[in-house]
Amino acid sequence: MNESSPPLKTFIQENLLSAMQTNQLCLYYQPQFSLVEQKITGIEALLRWHSQGFGWLNPQVVVAVAEQSELIVLLSEWTLRQALHDFSRLQPMIKRVSVNLSVGYLQRVPLVTVVQRYLAEAGVAPHCLDLEITETVVLEPAPLLLNALRQLRQMGISLSIDDFGTGYCGLSYLKKLPLNTVKIDRSFLRDATNRARDALLYHDILQLARNLDLRIIAEGVETQAQLEFLKLTHCHEAQGYLLGRPMPLTKLQHFTKAIAPPDVLAVAEDMHFLLP
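Counting from 1 along the sequence shown, just add 4 to a position and that's the residue number in the working numbering.
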């Protein structure tokens, strides 16, 4: 069935609230690695819903449907609260948890108050939380939202722009918001190891982000060659299936107890890429 079909939309609208109340929703976590320290630096919380009627649902579809009503507030706050609760069980092995906040949610709530409350409930320090926002927020920063984001940064919370490069946002727009991290969309990395033009483009994005004093996380790392390219271009952090797939909390706890970082983080010295 088409993911945007009316039956699925109706199902989500009618069952999302009960799914939150009956533990049908859960969070999976994908690790993020420092390419300098060669260890896990953070995790990204990813929504999962295995429904009785439709099986595993596409999280993007669930969020899109929820954004059409006040369900997005309940869903976003459930996600934030659950992620912080889970993260409290992972400290001190993991230093940071990232949570995506949709535009629909950001436009509806007193953001600072909510975040402060859930941090206090979980006993998590503000500097351990990273909030990911989309390019839409950067392009159209409402004054009240901009003020809230500045307050969050003053508290020590990290703010990231997610999937950078997929919209119309240029790096110059990033100066409008108090961001400290850029997550470069996977589409830019896909051909960077075998096409000179893509390699140079990726290198330029990294350099411009560094000039703005932004931490850089490369998304979609799926091959050893891509990982080695990122190390040679001095990218800060990486995330992708090569390093670790999204996993439930129990599996993540075992994953983080590994004595050594994954072997894939070792970079061969004789690799050559298309950069000058």
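Note that beta-carbon positions come from the ideal geometry of N, C-alpha and C, so glycine has one too.
Counted within 10 angstroms of its Cβ, other Cβ atoms place residue i as buried (16 or more) or exposed
{"i": "Asp166", "result": "buried"}
{"i": "Thr83", "result": "buried"}
{"i": "Val40", "result": "exposed"}
{"i": "Pro35", "result": "buried"}
{"i": "Gln86", "result": "buried"}
{"i": "Asn198", "result": "exposed"}
{"i": "His240", "result": "buried"}
{"i": "Trp60", "result": "exposed"}
{"i": "Ala129", "result": "exposed"}
{"i": "Ser80", "result": "buried"}
Pairwise C-alpha distance: residue j and residue i
{"i": "Ile76", "j": "Ala200", "result": "42 Å"}
{"i": "Gln42", "j": "Leu246", "result": "14 Å"}
{"i": "Glu136", "j": "Leu156", "result": "12 Å"}
{"i": "Leu205", "j": "Tyr177", "result": "18 Å"}
{"i": "Pro63", "j": "Lys13", "result": "12 Å"}
{"i": "Leu210", "j": "Ala49", "result": "24 Å"}
{"i": "Thr45", "j": "Asp134", "result": "12 Å"}
{"i": "Ala126", "j": "Thr117", "result": "15 Å"}
{"i": "Ala68", "j": "Thr26", "result": "21 Å"}
{"i": "Glu226", "j": "Gly244", "result": "6 Å"}
{"i": "Lys187", "j": "Gln28", "result": "29 Å"}
{"i": "Asn151", "j": "Leu181", "result": "9 Å"}
Cβ separation of residue i and residue j, assumed to be a contact under 8 Å, to the nearest whole Å
{"i": "Leu88", "j": "Val101", "result": "7 Å"}
{"i": "Leu212", "j": "Leu183", "result": "Leu212 to Leu183, Cβ: 13 Å. No contact."}
{"i": "Ala242", "j": "Leu256", "result": "Contact doesn't hold; Cβ gap of about 17 Å is too wide."}
{"i": "Gly108", "j": "Glu71", "result": "3 Å"}
Beta-carbon proximity list for residue i, same chain, < 6 Å, skipping 5 on both sides
{"i": "Arg190", "result": "Glu223 and Gly224"}
{"i": "Leu278", "result": "Reliability of the predicted coordinates at Leu278 is poor, the pLDDT of 49 falling under 50, and the value obtained from them is presented with this limitation in mind. Excluding residues within five positions, the ones whose Cβ falls inside 6 Å are Ala200 and Ala203."}
Contact set for residue i: own chain, Cβ-Cβ below 8 Å, skip 5 residues either direction
{"i": "Cys132", "result": "Phe91, Gln95, Lys99, Arg100 and Val101"}
Own chain residues within Cβ distance below 7 Å of residue i, not counting five before or after
{"i": "Met251", "result": "Tyr32, Tyr33 and Phe259"}
Taking only runs that begin and end inside the segment 91-118, name each unbroken alpha helix (DSSP H) of 4 or more residues, in chain order. Within the segment 91-118, the complete alpha helix (DSSP H) runs of at least 4 residues are 107-110.
Continuous alpha helix (DSSP H) assignments of at least 4 residues falling wholly in the segment 224-268: List check, alpha helix (DSSP H) in window: 228-236 and 253-260.
Hey, which unbroken runs of the beta strand (DSSP E) at 3 residues or more fall wholly within the segment 145-227?
Entirely contained in the segment 145-227, the beta strand (DSSP E) runs reaching 3 residues are, in chain order, 162-168, 185-188 and 219-222.
Ignoring anything shorter than 4 residues, give me the alpha helix (DSSP H) runs that lie fully in the segment 37-70, in order along the chain.
If one requires a minimum length of 4 residues, the alpha helix (DSSP H) runs lying completely within the segment 37-70 are 63-70, in chain order.
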